[in-house]
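Novice: First, the structure itself, so that you have it in front of you.
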Amino acid sequence: MQKATMDVVEDEEAGPTEVNTTKASHLVKVHKDKLTVTYNGKANHTQDVGAVQSNRPFSNKVLIGYFEMTVVNAGAKGCMAIGLGNANFNNTRHPGWEPGSYGYHGDDGRKFNYSSRGEPYGGKFGAEDVVGCGLHFGTREIFFTKNGKNLGVAFTDPGHSYFPTVGLHSEGETVTLNFGEQPFVFPLDEMLREEREKLQATILRVPLAASDVNELVRAYLWHEGHISALRSFEAATNLPPLVQDAVVEGAGGGGAPGQPREEEGHADGRPQDQLLVTRSAIRGLIMEGEIERAVAVVELHFPTLLARHPKAEAYLYCQQFIELLKANKRMEAVEHARKVLAGLMSPRPQPAHNGSGAGGGGW
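Note that the working numbering has the sequence shown beginning at 4, numbered continuously upward.
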């Protein structure tokens with residue numbers, strides 16, 4: 004696996020943690036903490052903005068992406084801006100002036116989206132103020148905060164990948180960013196709790212017949228590969244069997260963890276039955292610590308899956324190392340680390356996406 008591939012996968016989930024110093028404007032100084040930024044330019048014209056972005060966009064695993072900016076020094080004119088920008092953002096312009104960016108500006112209190120005029124919004128901000136910017140992925144709304152108060156929805160229907168962005172444009176301006184390492188001034192946890200309660204209330208208002216609920220539960224158990232639970236649920240609710248039994252090739256002899264016994268019968272030819280049973284067998288092997296056998300079954304039935312999902316491969320081989328240590332097989336663990344784990348950090352060709360495997364590896 005290529006290390007770069009692992010880094011990309013991690014970045015998509017990790018979210019922002021600091022300023023991206025390699026993309027920072029030459030008109031700013033990024034301090035050693037990579038969170039404090041000072042404007043060093045002359046601010047003679049509109050192209051003299053010094054802008055910075057975070058090292059990563061908001062995580063795609065959160066409901067609300069959010070960060071805050073504390074104004075340490077408002078400088079000569081207080082021409083600061085906070086907002087979001089895409090990966091192509093121009094770092095000599097304020098967020099909101101450029102396409103693919105949104106901003107809230109401190110010198111006039113206006114909001115901007117690809118505009119030089121903006122619209123009235125939340126009032127001016129300056130020295131010692133703490134302003135924040137949030138992206139609600141559920142409602143597709145951008146909002147800003149000031150000193151812990153939500154200023155309301157500023158923009159709707161943005162794109163899907165935005166970097167926290169800050170612009171400075173007068174001598175002496177200094178701000179410090181917070182991506183969540185320190186407590187926010189705005190009560191984000193409370194907002195998240197309220198959003199969860201709204202979602203739960205919405206779900207509870209949806210009328211569902213008992214038969215519909217049963218089908219939802221059965222579909223979930225099928226999708227997750229919980230065969231035993233699926234059979235028990237079908238028996239308890241008098242539903243006809245959704246899955247026939249099958250024997251998983253490569254899972255080992257009778258009684259292997261997660262493997263249906265041969266006397267239970269074979270698949271009736273439906274490919275989804277075999278797929279589900281195979282997935283269940285793999286899960287059973289993993290849960291029992293039989294990682295090597297689980298990998299063998301995966302490679303037999305889904306030959307390109309692990310190569311196309313390096314993070315899953317890394318997790319499996321790291322778990323195998325742990326299982327060897329738990330079994331007190333120290334020398335085997337060392338050998339596994341030397342031959343396998345060390346190889347995870349070495350570049351190797353990535354397979355072409357030729358459609359082989361089980362529907363893109365959805366097991």
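Here a beta-carbon is modelled for each residue, glycine too, at the ideal position from N, C-alpha and C. Fair warning: this is a prediction, and the values are worked out from it, not measured in the lab.
Is the Cβ-Cβ distance between Phe-61 and Leu-180 less than 7 Å?
Specialist: no
Novice: If you follow the beta strand (DSSP E) that Gln-56 is part of, which residue opens it and which one closes it?
Specialist: Per DSSP, Gln-56 belongs to the beta strand (DSSP E) from 53-56.
Novice: Classify Gln-203: buried if its beta carbon has 16 or more other beta carbons within 10 angstroms, exposed otherwise.
Specialist: exposed
Novice: If you draw a straight line from the C-alpha of Asn-23 to the C-alpha of Asn-43, how long is it?
Specialist: 17 Å
Novice: Pull up the distance between the alpha-carbon of Gly-81 and that of Phe-128, whole angstroms please.
Specialist: 8 Å
Novice: Less than 8 Å between the CB atoms is what I'm expecting for Gly-121 and Lys-114, so what's the real figure, rounded?
Specialist: 6 Å
Novice: In this structure, does DSSP put Ala-84 in helix, strand or coil?
Specialist: strand
Novice: Return the Cβ separation of Gln-134 and Lys-149 in integer angstroms, given the expectation that the two are a contact with Cβ distance under 8 Å.
Specialist: A small fix is needed here, since residue 134 is Val in this sequence, not Gln. Their Cβ separation, rounded to whole angstroms, is 5 Å, which keeps Val-134 and Lys-149 in contact under 8 Å.
Novice: Would His-269 be called buried (16 or more neighbouring beta carbons within 10 Å of its own) or exposed?
Specialist: At His-269, the pLDDT of 38 sits below 50, so the modelled position is not reliable; the number obtained from the coordinates is stated separately. Its Cβ having fewer than 16 others within 10 Å, His-269 is exposed.
Novice: So what does DSSP say about Tyr-318, is it helix, strand or coil?
Specialist: helix
Novice: Taking only the alpha-carbon atoms, compute the straight-line gap between Gly-126 and Thr-95 and give it to the nearest angstrom.
Specialist: Distance between the alpha carbons of Gly-126 and Thr-95: 24 Å.
Novice: Does DSSP put Gly-135 in a helix, in a strand, or in coil?
Specialist: strand
Novice: Considering only the alpha carbon of each residue, which of Val-216, Glu-131, Gly-287 lies closest to Glu-227?
Specialist: The shortest CA-to-CA distance from Glu-227 to any of Val-216, Glu-131, Gly-287 is the one to Gly-287.
Novice: Rounded C-beta distance between Ile-67 and Leu-191? I'm assuming under 8 Å.
Specialist: 7 Å
Novice: I'd like to check one pair, Val-188 with Gly-151: are the Cβ atoms closer than 7 Å?
Specialist: yes
Novice: Give me the Cα-Cα distance between Glu-131 and Ala-84, rounded to the nearest whole angstrom.
Specialist: For Glu-131 and Ala-84, the distance between alpha carbons rounds to 14 Å.
Novice: Within 10 Å of its beta-carbon, does Ile-230 have 16 or more other beta-carbons around it, so buried, or fewer, so exposed?
Specialist: buried
Novice: Got a sec, what are the start and stop residues for the alpha helix (DSSP H) Val-178 sits in?
Specialist: Here Val-178 belongs to no alpha helix (DSSP H); instead the beta strand (DSSP E) covers 177-181.
Novice: According to DSSP, is Gly-18 part of a helix, a strand, or is it coil?
Specialist: In the three-state scheme derived from DSSP, where H, G and I count as helix and E and B as strand, Gly-18 is classed as coil.
Novice: Determine the direct distance from the alpha carbon of Glu-237 to that of Pro-244, and round the result to whole angstroms.
Specialist: 7 Å
Novice: Which value, in whole angstroms, describes the spacing of the CA atoms of Glu-335 and Ala-345?
Specialist: 14 Å
Novice: Considering only C-alpha positions, which residue in the set Lys-64, Leu-30, Phe-70 is nearest to Glu-21?
Specialist: Phe-70
Novice: Distance, Cα to Cα, His-34 vs Leu-171?
Specialist: 15 Å
Novice: Just list the alpha helix (DSSP H) runs in the stretch 154-209, keeping only unbroken ones of 4 residues or longer that don't cross its boundaries, in chain order.
Specialist: 191-207
Novice: Name the residue from Met-194, Leu-242, Tyr-117, Pro-306 whose alpha carbon lies nearest to the alpha carbon of Asp-215.
Specialist: Leu-242
Novice: Taking the alpha-carbon positions, what's the Pro-19 to Glu-302 distance?
Specialist: 35 Å
Novice: What are the boundary residues of the alpha helix (DSSP H) that Thr-41 is part of?
Specialist: Unbroken run through Thr-41 is the beta strand (DSSP E), 39-42; no alpha helix (DSSP H).
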